[in-house]
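Protein chains in written order, with this note's numbering: chain A, 144 to 600; chain B, 268 to 659.
Below: one structure, written as structure tokens.
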């Protein structure tokens with residue numbers, strides 16, 4: 144560090160100077176507030192869907208990242224976050240429902256990425272069939288909120304579809320059933336080594352999808368490939384209050400707001416839960432399993448119970464989100480839950496940084512924006528240029544995510560917002576095992592890196 | 268002295284001839300035994316089930332229908348078995364050398380299928396396809412597919428796997444998943460850009476009618492015609508030839524010795540003067556070539572392909588590799604055969620026995636995964652597990 148200081152006037156030094164200047168006293172608060180205000184105002188002045196609004200929307204979400212990265216008082220951060228996500232965003236959403244939908248989907252994927260982050264990032268168990276738990280939750284609510292359930296329990300046929308109030312109970316049921324499915328899958332496969340586990344979970348994801356496609360015979364449970372239509376929605380219990388306040392919103396707008404806030408609440412709860420878990424005895428146990436199973440057992444970590452817990456917690460997140468997803472989309476069918484969606488969620492976790500909570504949030508946001516905004520936008524711009532139809536970028540999600548996964552693992556395996564422990568670990572490895580010592584066996588490399596890990600933990 | 272040297276040479280040659288025969292054809296014998304075991308036990312099982320359920324159906328005689336389709340199912344099992352075996356070899360060789368699941372191998376297989384489609388289109392545009400001798404067509408297509416797929420596998424290794432070789436296991440696996448997804452869409456892009464389209468029908472020269480082997484009279488006037496499609500026959504024969512070639516390559520040649528050495532102990536192999544990076548690249552080349560050849564044969568046999576066909580056979584071939592004991596070449600072949608037979612029987616008989624309540628073709632996939640899970644739980648070392656110390 145001292146050496147770099149002696150070098151005169153390089154751009155980095157200037158940047159550091161600027162940063163130091165801007166970080167003094169009230170200045171950062173003013174800068175961040177000004178940034179947020181400008182972006183929000185510009186966004187609200189002209190809310191029509193366009194390239195300009197797209198960019199502003201990304202900048203708007205960038206405020207959240209700034210709030211996370213810049214060292215400011217926690218109270219200020221909280222107030223800003225509530226003002227932006229709780230007031231500005233919903234208001235903007237009533238002006239342009241498209242962005243509201245994008246924001247809601249971002250939130251849903253944030254929860255899924257957080258859930259997968261527990262399994263993959265924290266406990267180090269590569270789960271390639273994560274979307275199966277999502278499907279379980281979605282089908283759970285879809286079946287019981289439509290006539291579909293009458294086929295399964297003919298005796299109670301009159302009581303289906305269930306009343307909208309059941310939605311809240313099913314949120315918890317989704318949690319429980321998702322977790323239970325996770326344990327069910329986890330029990331047999333826990334003895335497997337990492338890469339076998341990946342393949343088995345992949346197979347499990349496929350099995351769930353095949354079952355969803357084929358379980359319309361002999362008893363029609365899932366309605367097969369046609370999927371389930373007109374899934375129940377939660378009750379709009381606040382509709383009278385909104386009307387009493389004289390806010391002119393129709394039902395579809397109310398539902399949009401409703402799902403937005405519901406997802407926002409779930410996101411906040413999940414972040415708190417994951418954060419608390421990660422900094423608890425359980426989180427440390429997961430980390431120790433991830434780093435070295437044998438050492439973890441020797442230290443008295445109950446291996447099976449901890450792995451099962453990771454599976455169950457991750458799966459229960461997905462189960463709950465599945466219930467919300469089904470009721471938001473009103474329609475689900477088996478292809479909604481194919482492998483590419485699991486890979487999508489995995490890409491979010493890898494992009495943000497395995498094991499890192501802010502990383503999962505950032506990764507989910509970036510990937511969802513890429514899917515919903517960037518690709519269609521590029522496609523639209525390209526269509527003007529008379530590009531042949533086979534080059535439509537929205538059709539090449541797999542290629543894009545494939546490239547993303549390769550590039551991230553090769554060039555930045557710790558992710559964009561890495562967890563501290565993992566960053567240090569990977570850098571330690573870079574220094575101790577240079578690329579030209581590739582011939583070194585894995586055993587030797589493990590020996591080299593282990594001491595580093597021990598010092599940090 | 269001179270006489271002594273001569274005698275030494277002689278003994279060496281004699282030994283190696285005996286060894287060559289044993290090394291090359293021993294595994295084939297083992298495969299043959301497993302084919303027989305599978306055929307006999309599964310046939311007995313379905314006949315037994317048919318006898319038990321015989322009274323429950325009025326519309327058809329269950330035993331009779333069972334027996335009528337049985338020969339066809341066995342042929343189907345053989346084709347599936349050799350398909351999985353050829354793909355599984357690629358998984359198992361790479362696993363043996365690197366202890367790494369080459370997730371993109373299914374896509375290498377898929378590319379092979381597209382090579383034959385493109386080859387056929389090329390021939391058709393020249394107007395040569397109609398009169399092209401079928402066997403020559405197969406030979407050229409297989410060689411072309413092997414070259415393209417093998418080189419592609421090597422390129423994948425160089426670009427996506429070698430940079431992360433020192434990293435934790437999970438990282439390499441994720442990179443492989445990325446490579447797999449990338450190849451799927453890359454192939455799709457090429458197929459769409461060249462006008463082949465998404466769903467491609469593979470044109471072939473006329474292979475003639477199915478060969479009738481025998482007609483077995485069963486109860487009443489109905490005959491069970493045992494016939495084999497000439498494409499299926501080509502599939503089985505070519506796969507067998509490739510397996511023999513691979514056995515020769517790995518067990519007899521110097522290159523094979525180097526591969527086995529690298530699989531056993533990478534640092535020591537490099538100390539013995541083996542270029543480990545080159546051997547790993549060659550392993551990918553060989554595995555990829557086999558996968559590509561399987562793809563070509565698959566394309567010829569089944570006719571319709573798309574860029575996503577590699578996923579399921581890849582997954583099942585991996586299951587086969589695990590079933591036979593991953594890292595073990597003979598094991599991969601045996602595992603492929605066993606899995607192919609099981610799948611063919613499930614696909615054909617499940618709907619027959621459940622009166623169509625469960626569509627067998629769909630549940631065959633589930634059967635394959637269940638086998639994978641059970642094998643991994645109860646016998647992770649696979650069928651030929653005791654031989655896993657001899658990797659590759």
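The beta-carbon is built from N, C-alpha and C at its ideal position, and this holds for glycine as well.
CA-to-CA distance, residue j to residue i, given in whole angstroms
i: residue 402 (chain B); j: residue 450 (chain A); result: 54 Å
i: residue 590 (chain B); j: residue 354 (chain B); result: 13 Å
i: residue 644 (chain B); j: residue 492 (chain A); result: 28 Å
i: residue 352 (chain A); j: residue 580 (chain B); result: 17 Å
i: residue 363 (chain A); j: residue 291 (chain A); result: 7 Å
i: residue 316 (chain A); j: residue 225 (chain A); result: 29 Å
i: residue 316 (chain B); j: residue 615 (chain B); result: 14 Å
i: residue 250 (chain A); j: residue 444 (chain B); result: 26 Å
i: residue 524 (chain A); j: residue 448 (chain A); result: 52 Å
i: residue 410 (chain B); j: residue 349 (chain B); result: 18 Å
i: residue 435 (chain A); j: residue 264 (chain A); result: 14 Å
i: residue 339 (chain B); j: residue 495 (chain B); result: 8 Å
i: residue 404 (chain A); j: residue 358 (chain A); result: 34 Å
i: residue 161 (chain A); j: residue 559 (chain A); result: 23 Å
i: residue 576 (chain A); j: residue 434 (chain B); result: No answer about residue 576 (chain A) holds up, because its pLDDT of 42 lies below 50 and its placement is not dependable.
i: residue 321 (chain A); j: residue 285 (chain A); result: 15 Å
i: residue 606 (chain B); j: residue 281 (chain A); result: 33 Å
First and last residue of the uninterrupted alpha helix (DSSP H) at residue i
i: residue 187 (chain A); result: 170-188
i: residue 514 (chain B); result: 497-518
i: residue 298 (chain A); result: Residue 298 (chain A) -> no alpha helix (DSSP H), and no H or E assigned at all.
i: residue 449 (chain A); result: 446-472
i: residue 527 (chain B); result: 521-531
i: residue 374 (chain B); result: 372-393
i: residue 425 (chain B); result: That residue, residue 425 (chain B), is in no alpha helix (DSSP H); it is neither H nor E in DSSP.
i: residue 343 (chain B); result: 329-365
i: residue 390 (chain A); result: That residue, residue 390 (chain A), is in no alpha helix (DSSP H); it is neither H nor E in DSSP.
i: residue 499 (chain A); result: First-last for residue 499 (chain A): undefined, no H or E at that position.
i: residue 583 (chain B); result: 578-591
Residue environment, residue i, which counts as buried when at least 16 other CB atoms sit within 10 Å
i: residue 203 (chain A); result: buried
i: residue 149 (chain A); result: For residue 149 (chain A), the pLDDT reaches just 46, beneath the cut-off of 50, and the residue's location in the model is therefore unreliable, although a value from the coordinates is still provided. Exposed.
i: residue 573 (chain A); result: Note that residue 573 (chain A) has pLDDT 48, beneath the 50 cutoff, so the model's placement of it is unreliable and no number is given.
i: residue 373 (chain A); result: exposed
i: residue 512 (chain B); result: exposed
i: residue 312 (chain B); result: exposed
i: residue 498 (chain B); result: buried
i: residue 524 (chain B); result: exposed
i: residue 395 (chain B); result: exposed
i: residue 632 (chain B); result: buried
Closer than 7 Å at the beta carbon, the chain B residues around residue i
i: residue 544 (chain A); result: 448
i: residue 338 (chain A); result: 368, 436, 440
i: residue 556 (chain A); result: 434, 438
Chain-ordered chain A contacts of residue i [CB-CB under 9 Å]
i: residue 391 (chain B); result: Chain A residues near residue 391 (chain B): none, gap ~21 Å exceeds 9 Å.
Where residue i meets chain B, residues with beta-carbon distance less than 8 Å
i: residue 553 (chain A); result: 427, 430, 431, 442
i: residue 493 (chain A); result: 441
i: residue 295 (chain A); result: The premise fails here: residue 295 (chain A) is roughly 16 Å from chain B at the closest Cβ pair, so nothing lies under 8 Å.
Under 8 Å by beta carbon: chain A residues contacting residue i
i: residue 629 (chain B); result: 353, 356, 357
i: residue 341 (chain B); result: Simply none; closest approach about 25 Å.
i: residue 632 (chain B); result: 349, 350, 353
i: residue 582 (chain B); result: 342, 345, 346, 349
Chain-ordered chain A contacts of residue i [CB-CB under 7 Å]
i: residue 460 (chain B); result: 533
i: residue 453 (chain B); result: 542
i: residue 509 (chain B); result: By Cβ distance, chain A contributes nothing, its closest Cβ being about 25 Å from residue 509 (chain B), past 7 Å.
Beta-carbon neighbours of residue i, restricted to chain B and to distances below 9 Å
i: residue 334 (chain A); result: 643, 644, 647
i: residue 331 (chain A); result: 640, 641, 643, 644
Residues from the stretch 341-357 of chain A in contact with chain B, defined by Cβ distance under 8 Å:
341, 342, 343, 345, 346, 347, 349, 350, 353, 354, 356, 357
Taking a cut of 7 Å between CB atoms, which residues from the stretch 233-259 of chain A lie near chain E?
Among the chains of the structure shown, chain E does not appear; the protein chains present are A and B.
Looking at chain A, which residues of the stretch 418-447 of chain B have a Cβ within less than 8 Å of any of its Cβ atoms?
426, 427, 429, 430, 431, 432, 433, 434, 436, 437, 438, 439, 440, 441, 442, 444, 445, 446, 447
Select from the stretch 369-380 of chain B all residues with a C-beta closer than 8 Å to any C-beta belonging to chain A, and list them in chain order.
none
Short of 9 Å Cβ to Cβ, which residues in the stretch 528-540 of chain A face chain B?
531, 532, 533, 534, 538, 539, 540
Listed in chain order, which residues of the stretch 422-448 of chain A have Cβ atoms closer than 7 Å to some Cβ of chain B?
none
In the stretch 258-272 of chain A, which residues sit with their C-beta less than 7 Å from some C-beta in chain B, listed in chain order?
267, 269
Scan the stretch 574-602 of chain B for residues whose Cβ lies nearer than 7 Å to a Cβ of chain A and list them as they occur along the chain.
582, 585
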